[in-house]
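Encoded as structure tokens, the structure appears first; notes follow it.
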Amino acid sequence: MCCVGSSDVVSVVIPCLNEADRIEQAVKSALSQPTHAQVEVLSCKPSRSNQMNLGADHARGKLLLFLHADCSLPDRYVEAIQATRSRSSPKCRWGAFETIKLDVPGWQSSFLQATVRLRSGLLHFPYGDQAIFVEKDLFRSIGGFKQMPLLEDVDLVCRLRKLGPPALVRQPITTSARRWQRLGLFQTTLMNQGILLGWKLGISPQVLANWYHCTRREKD
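Per our numbering, the sequence shown starts with residue 23, numbered consecutively.
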């Protein structure tokens with residue numbers, strides 16, 4: 023399933039599978055901006071790439087924003103995006119929120135905020151949970167999300183980075199602490215970096231996805 027909150031300015035695309043307890047908050051945050059948005063619920067095969075591409079096809083906004091179902095946007099996010107893009111020269115055609123914070127406060131959230139902000143600022147490499155946004159025409163011209171079982175966001179960012187650095191909005195995205203709590207902060211970080219390294223070394227995304235889901239099941 024995919025939810026699309028669309029206005030003429032920004033369309034928020036929220037891919038969703040088995041997220042009934044969290045999707046409401048994500049949608050509410052997308053609709054918090056008074057932009058006369060309309061919500062549309064779409065169904066397709068259970069693949070995040072399929073869901074986000076379908077949502078992009080139905081979006082009315084000139085700018086697409088892809089929000090994970092367990093994440094929430096900050097208040098006045100549209101104004102923040104517009105202000106951040108207007109300060110860049112030439113105007114950035116894509117970007118993300120500079121960092122994330124967990125919905126459970128504490129040292130883990132502070133540590134995560136700092137490390138994600140460092141990666142985004144120094145490497146210009148945001149991940150999907152930072153709510154990537156991109157002009158719809160540009161998204162279409164580069165072929166959208168590739169059909170991958172994992173790392174579809176990283177692949178998209180790799181292609182966008184070739185066109186220029188991202189616009190980074192200072193306000194953080196709020197994300198659920200559940201996956202960080204399941205394995206622990208450091209083990210989750212190591213697993214994520216191991217998957218990225220494997221992909222760069224040419225290991226199939228399907229093999230990496232199987233390993234990722236197997237590791238999560240062992241901890242459930």
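Cβ atoms here follow ideal geometry from the backbone N, Cα and C, with glycine treated the same way.
Being a predicted model, the structure only gives us computed values, none of them experimental.
By the neighbour-count criterion, in which 16 or more other beta carbons inside 10 Å mark a residue as buried, Gly-117 falls on the buried side. In the assembly as shown, Val-49 is a buried residue. Its beta-carbon has 16 or more other beta-carbons within 10 Å.
Between Phe-119 and Pro-194 the beta-carbon gap is near 6 Å, inside 8 Å, which marks them as a contact. Unbroken beta strand (DSSP E) stretches of 3 residues or longer found wholly inside the region 50–128: 60–64, 85–88, 116–119 and 122–124, given in chain order. Cβ contact annotation for Arg-192 (same chain, cutoff 7 Å, sequence separation greater than five): Glu-120, in chain order.
At a Cβ-Cβ threshold of 9 Å, Thr-197 and Lys-123 count as neighbours. Contact check for Ser-33 and Leu-86: beta-carbon distance about 6 Å, within the 8 Å limit, so the pair qualifies.
By the 16-neighbour rule on beta-carbons within 10 angstroms, Asn-75 is buried. Restricted to the region 160–219, the alpha helix (DSSP H) segments that are unbroken, complete and at least 4 residues in length are 174–183 and 200–205, listed in chain order.
Contact between the region 153–168 and the region 85–101 is established, with three or more Cβ pairs separated by less than 8 Å. Residue state for Phe-133 is assigned as helix, using DSSP reduced to three classes.
Pairing Val-126 with Trp-202, the inter-Cα distance amounts to about 11 Å. Taken through DSSP and simplified to helix, strand or coil, Pro-148 comes out as coil. With contact defined as three or more Cβ pairs closer than 8 Å, the region 102–117 and the region 61–72 are not in contact.
Among the bridge pairs identified by DSSP, Val-156 is matched with Leu-86 and Trp-116.
With a beta-carbon spacing of about 16 Å, Leu-212 and Leu-172 fall beyond the 8 Å limit used to define contacts. In the displayed model, Val-138 falls within a helix according to three-state DSSP. With fewer than 16 other CB atoms across the displayed protein chains lying within 10 angstroms of its CB, Ile-225 is exposed. Contact between Lys-168 and Ser-71 holds, since their C-beta atoms are separated by about 6 Å, short of 8 Å. Measuring C-alpha to C-alpha distances from Val-35 to each of Gln-73, Ser-69 and Arg-44 identifies Gln-73 as the nearest. The Cβ atoms of Asp-79 and Arg-200 do not sit closer than 9 Å to each other.
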